[in-house]
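Trainee:
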Amino acid sequence: MKRYLYIIFAILSLNSFAAQAGGVYLQPDEFINQVFDNAPPKARVLWLKKELKKQIADILDHKYKGLRIRYWQRGDGDNRKSAWILEETGKKEPITTGIVIKDNQIELIKVLVFRESRGWEVRHDFFTDQFKQAKLKKDHRLSQTIDNISGATLSVRAVKKLARIALLLDQTIQNETDK
Amino acid sequence: MTNRKPKRFTAFLWHRRIGLFALVLIITLSVTGIMLNHTERLDLDETFVSNAWLLNWYGIQPDENPISYRVETQREDQPVNHIISAWQHQLFFDDVAITTLEQDVHGAVGVAQFIVVALDNEIILLSYEGEFIERVSTSISFSDIQRLGMKYERPVIETSEPLYYMADEHILDWDVITNEEIKWAQPYTLRDDEYQQLLIAYRGKGLRLERVILDLHSGRIFGQWGVYLMDAAAIALLWLSLSGLWVWSSRRRKMRKKKHYQKHHRN
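Here it is as structure tokens:
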């Protein structure tokens, strides 16, 4: 009998842990500070033109809410590094993600705020490390395969979409600079 | 004249009576069941109910009063007033729901190019037409916003310290300024017609069609007794299946007897 009670207690504890696993892991401003060694550059904005908005909507499978996106950038040429704070809904709540792009590749991706009760496993390094060095292919898909996490499919999908958008936005600012 | 009395409570009679009684309920169960199986295709989870009777039935009423600010914008060099309201985690531009809110509102002003709405640690930028431009966390520069005002057509924030920050024209950076000549945003009391319009807009996003169909299916739309009613419909359906089987088999038996009788007693 005692054994069963322990099992029930363990299951309940796991459940409550899962429910509490979401939250603010890193404030967006702290993320920017960390990325730029506590001396972040001034924020810039990218206004979303019609075509770019359409491309983003194609990636998201829904309309993007907003007319401009803020980013931080330092350096130029091969040393150019841009940081983005983007949000996408997993199941019902938005997942806030910080993404750093360098040399057209993802250098770092971090889940900053997770508000859903399930799928928080996407915050772990074993998942986010898969994105490192990922590029954007011509069809706006990632150059690398990202493994799914069972039970966190929607969160995985949301983070993958954000990674593709960050690469697309970085590509856009690079094209605008080159013009 | 025969002494035979008609059988008043045969399975067939009850099959018919219960069938008629449960007809409407079974149709409701079936139709709503099919609809719920195709929720996404029918957009049930994205369609909102606007029927006033249903909204009243569900008691969709906000608990608090809205917090509103009147902002002045420009259209073709003419001043145009709009009302920005925050009501139970929703932000409204006049009577249009714009976005959801996780923080309290501390003011709204119309500055050059934008409408700025200040929350605890965020600002929301809207266009003069009410389009959502951006939601920006201000915690990189300051936090704990207390008031929002305006100076030289630019937004000014008062924090709890208190310190005063004025944004640049693109609202990207904030500089510390002194508390002078700042016109602070004042809460605006809605007129009755404005309140009613906002209430319609608020309730418009309050009840999803999926909820209504689900409650119709379970009977919960009519309260606790509705659930029992739908239970009765389900039991009736069970009874109909069994009594139908019984009626069919007894008729079959009778037909066999009849055929047997006709075969052997033809003459």
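Listed in order, the protein sequences are those of chains A and B.
Following our numbering, the numbering of the first sequence begins with 4 at its first residue and continues without gaps.
Following our numbering, the numbering of the second sequence begins with 1457 at its first residue and continues without gaps.
All C-beta atoms in this analysis are idealised placements derived from N, C-alpha and C, irrespective of residue type, glycine included.
The model shown is predicted, which means the values in this text are computed figures rather than measured ones.
(1) Taking Cβ positions only, does A/Asp64 come closer than 7 Å to chain B?
(2) Quick test of the definition: if touching needs 3 or more C-beta pairs under 8 Å, does the region 1602-1610 of chain B touch the region 80-90 of chain A?
(3) Tell me whether A/Tyr28 sits in a helix, a strand or coil according to DSSP, three-state version.
(4) Three-state secondary structure (DSSP) at A/Ala137?
(5) State yes or no: is the C-beta of B/Ala1564 within less than 7 Å of the C-beta of B/Ile1589?
(6) From A/Arg118 to B/Gln1680, what distance separates their C-alpha atoms?
(7) Could you compute how far the alpha carbon of A/Gly154 sits from the alpha carbon of A/His127?
(8) Helix, strand or coil for B/Asp1631 per DSSP?
(9) Check A/Phe12 in the structure and name its three-state DSSP category.
(10) Excluding the 5 residues flanking A/Phe20 on each side, which residues of the same chain have their C-beta closer than 6 Å to its C-beta?
(11) Whole beta strand (DSSP E) runs in the region 1567-1608 of chain B with 3 or more residues, listed along the chain?
(12) What does the alpha-carbon distance come out to for the pair A/Ile98 and B/Ile1691?
(13) Tell me where the alpha helix (DSSP H) around B/Arg1472 begins and ends.
(14) Please decide whether B/Asp1629 counts as near chain A, where near means a Cβ-Cβ distance under 7 Å.
(15) Mind checking B/Thr1645: buried by the 16 CB within 10 Å criterion, or exposed?
(16) Check each candidate in B/Gln1517, B/Gly1586, B/Gly1515, B/Asp1648 and name the one with the smallest Cα separation from B/Leu1547.
(17) Taking its Cβ as the centre, do 16 or more other Cβ atoms sit within 10 Å of A/Ser158, making it buried, or is it exposed?
(18) Can you tell me whether DSSP reads A/Ala121 as helix, strand or coil?
(19) With DSSP run on the structure shown, which of helix, strand or coil describes A/Tyr74?
(20) Give me the residue from A/Arg77, A/Asp61, A/Gly93, A/Trp123 with the minimum Cα distance to A/Tyr28.
(21) Answer yes or no: do A/Ala166 and A/Phe130 have a C-beta to C-beta separation smaller than 7 Å?
(22) On the DSSP letters alone, give me the boundaries of the alpha helix (DSSP H) that B/Tyr1431 sits inside.
(23) Pull out every residue of the region 99-113 of chain A whose Cβ sits closer than 8 Å to any Cβ of chain B, in chain order.
(24) Using a 10 Å radius around the Cβ and a threshold of 16 neighbouring Cβ atoms, would you call A/Gln76 buried or exposed?
(25) Under 7 Å between beta-carbons, which chain B residues line up against A/Gly69? List them in chain order, please.
(26) Assign B/Val1632 to one of two classes, buried (16 or more other C-beta atoms within 10 Å of its C-beta) or exposed (fewer than that).
(27) Interface residues of chain B around A/Val48 at Cβ under 8 Å?
(28) Give the secondary structure of B/Glu1666 by DSSP, where H, G and I count as helix, E and B as strand, and everything else as coil.
(29) Hey, how far is the Cα of B/Arg1667 from the Cα of B/Trp1704?
(30) For a contact meaning CB atoms closer than 8 Å, what does A/Asp32 contact in chain B?
(31) Once the 5 residues before and after A/Gln174 are set aside, which same chain residues still bring their CB inside 6 Å of it?
(32) Going along the chain, which residues of its own chain have a beta-carbon closer than 6 Å to the beta-carbon of B/Ala1574, five neighbours each way excluded?
(33) At the 7 Å Cβ level, is A/Leu15 part of the contact set with chain B, yes or no?
(34) How about A/Lys195: is its C-beta nearer than 7 Å to some C-beta of chain B?
(35) Within 10 angstroms of its Cβ, does A/Thr180 collect 16 or more other Cβ (buried), or is it exposed?
(36) Pick helix, strand or coil for B/Phe1548, following the three-state DSSP scheme.
Mentor: In terms of the structure at hand:
(1) No - not a single Cβ of chain B is within 7 Å of the one on A/Asp64.
(2) No, they do not touch.
(3) Reduced to three states, the DSSP call for A/Tyr28 is coil.
(4) coil
(5) B/Ile1589 sits away from B/Ala1564, with the two beta carbons spaced by 7 Å or more.
(6) Between A/Arg118 and B/Gln1680, the C-alpha separation is close to 33 Å.
(7) 14 Å
(8) strand
(9) With a pLDDT of 49 at A/Phe12, under the threshold of 50, the predicted position of this residue should be treated as unreliable, though the coordinate-derived value follows. Helix, per DSSP.
(10) For A/Phe20, the pLDDT reaches just 44, beneath the cut-off of 50, and the residue's location in the model is therefore unreliable, leaving the point undetermined.
(11) 1571-1575, 1578-1582, 1588-1593, 1601-1607
(12) 45 Å
(13) Segment 1467-1493, the alpha helix (DSSP H) holding B/Arg1472.
(14) yes
(15) So B/Thr1645 counts as exposed.
(16) B/Gly1586
(17) The C-beta of A/Ser158 has 16 or more other C-beta atoms within 10 Å across all chains shown, which makes the residue buried.
(18) Per the sequence shown, the amino acid found at residue 121 of chain A is Arg instead of Ala. A/Arg121: coil per DSSP, three-state reduction.
(19) strand
(20) A/Trp123
(21) Not in contact: A/Ala166 and A/Phe130 (Cβ atoms no closer than 7 Å).
(22) Because chain B spans 1457 through 1723 in this model, residue 1431 of chain B falls outside it and cannot be assessed.
(23) none
(24) A residue is called buried once 16 or more other Cβ atoms fall within 10 Å of its Cβ, and A/Gln76 is buried on that count.
(25) Phe1588, Ile1589, Glu1590
(26) B/Val1632 counts as exposed, since fewer than 16 other beta carbons sit within 10 angstroms of its beta carbon.
(27) Glu1590, His1626, Leu1628
(28) helix
(29) Taking the CA atoms as reference points, B/Arg1667 sits about 39 Å from B/Trp1704.
(30) Ser1593, Ser1595, Ile1596
(31) none
(32) So the list reads His1562, Gly1563, Ile1601, Leu1604, once near-sequence residues are dropped.
(33) Residue placement at A/Leu15 cannot be trusted, given a pLDDT of 45 that sits under 50; what the coordinates show is reported in the next sentence. For A/Leu15, the answer is no, since every Cβ of chain B falls outside 7 Å of its Cβ.
(34) For residue 195 of chain A there is no data in the structure shown, the boundaries of chain A being 4 and 182.
(35) exposed
(36) strand
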